[in-house]
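Asker: Got a structure for you, questions after.
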Amino acid sequence: MFKAWRKQRNRKRLKDEAYAFLFEPYDGDEVVVFDTETTGLDPKTDEIVSIGAVKVKGNRILTSETFEVYLKTSRPIPAESIEVHGIRPCDLEYALSPPEGIEKFLHFIGPRPLAGYYLEFDVAMINRYIKPWLGVELPNPKTEVSGLYFDKKNFGIPQGNIDLRFDTILANLGVPPMGRHNAVNDAIMTAMIFIKLNNTIKLKTGERT
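According to full-length UniProt numbering, numbering within the sequence shown proceeds without interruption in unit steps and concludes at 209.
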């Protein structure tokens, strides 16, 4: 009930009715898994460099409907961030302006539920752009895959000490790493985690993972 009230309050703040579709009820069976690469880890001051997303339908990753966009930044990308995601200033030569890129992303996700790893951060980064522009935050239902993993791993052993690092989750679930770290590859790997966890009742607890 509280979630419904928050969504209704959020809806009243929408400045542009062209984006009312974000608040429409969704009765489909697709989930959008997404990831962002950024200039840093502070949603209040850092900027999005790229967004990668993929749709999941049941137990299938719709790789034909992969989304990727690069965004122009207002200042140089810090060297330490380039070391993480490998996106250099020259890679942004044909990047879109943030409004253009975010608009494409919003139309890609529509009212579908969202899933991701460290999703709170990615959503906060998107909200940094859309709140001043549209007056709202992303209203879509959200699932944190590390939370799913924790619940499956912690089944029957409350207070368990569980390693929630991305690479650990991949290894424990037998999901192959995809090589180069970027938003699209991270979204696809997270989608594989999401599907596997949705088809698992509980995970083994004997290992130190």
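Backbone N, C-alpha and C define an ideal beta-carbon position, used for all residues, glycine too.
Whole angstroms is fine: what's the gap from isoleucine 48's alpha carbon to threonine 36's?
Answerer: The residue labelled residue 48 in the question sits at position 48 within the sequence shown. The residue labelled residue 36 in the question sits at position 36 within the sequence shown. Spanning the two alpha carbons is a distance of roughly 7 Å.
Asker: Less than 9 Å separating the beta-carbons of arginine 11 and phenylalanine 2?
Answerer: Here the question's residue 11 lines up with position 11 in the sequence shown. Here the question's residue 2 lines up with position 2 in the sequence shown. Their beta carbons are not under 9 Å apart, which means arginine 11 does not touch phenylalanine 2 by this criterion.
Asker: Among Met189, Gly147, Arg6 and Leu134, which residue has its Cα nearest to the Cα of isoleucine 202?
Answerer: Along the sequence shown, read from residue 1 onward, the residue named residue 202 stands at position 202. In the sequence as displayed, the identity of residue 202 is lysine instead of isoleucine. Among Met189, Gly147, Arg6 and Leu134, the Cα nearest to that of lysine 202 is on Gly147.
Asker: In the DSSP assignment, what residue or residues form a beta bridge with leucine 22?
Answerer: On the sequence shown, residue 22 is found 22 positions in, with the first residue counted as 1. DSSP output for leucine 22 lists no bridge partner at all.
Asker: Can you give me the start and stop residues for the alpha helix (DSSP H) that arginine 128 sits inside?
Answerer: The residue you call residue 128 lines up with position 128 of the sequence shown. From DSSP, the alpha helix (DSSP H) with arginine 128 extends over 119–134.
Asker: Let me know the beta strand (DSSP E) ranges lying completely inside the region 14–75, each 3 residues or longer, listed in chain order.
Answerer: For the region 14–75, whole beta strand (DSSP E) runs of length 3 or above, ordered along the chain, are 30–38, 48–57 and 60–70.
Asker: With DSSP as the reference, label arginine 208 as helix, strand or coil.
Answerer: Taking the first residue of the sequence shown as position 1, residue 208 is located at position 208. Low local confidence applies: a pLDDT of 41 at arginine 208 is under 50, so the model's placement there is unreliable, with the coordinate-based value given in what follows. It is coil, neither helix nor strand.
Asker: Identify which residue in Asp91, Arg13, Glu120 and Tyr129 has its Cα closest to the Cα of proline 76.
Answerer: Residue 76 sits at position 76 when you count from the first residue of the sequence shown. If we check each option's Cα against that of proline 76, Asp91 comes out closest.
Asker: With burial defined as no fewer than 16 other Cβ atoms inside 10 Å of the residue's Cβ, what is the status of aspartate 122: buried or exposed?
Answerer: Your numbering for residue 122 matches position 122 in the sequence shown. Classification of aspartate 122: buried, given that the 10 Å Cβ count is 16 or more.
Asker: If you reduce the DSSP assignment to three classes, tell me which class leucine 96 lands in.
Answerer: Stepping through the sequence shown from its first residue, residue 96 is reached at position 96. Leucine 96 falls in the strand class under three-state DSSP.
Asker: Rounded C-beta distance between lysine 15 and leucine 134? I'm assuming under 8 Å.
Answerer: Position 15 of the sequence shown, counted from the start, is the residue given in the question as residue 15. Position 134 of the sequence shown, counted from the start, is the residue given in the question as residue 134. At roughly 5 Å, the Cβ-Cβ gap stays under 8 Å, so lysine 15 and leucine 134 are in contact.
Asker: Classify threonine 200 as helix, strand or coil using the three-state DSSP reduction.
Answerer: Start at 1 with the first residue of the sequence shown, and residue 200 comes out as number 200. In this structure, threonine 200 counts as coil in the three-state DSSP scheme.
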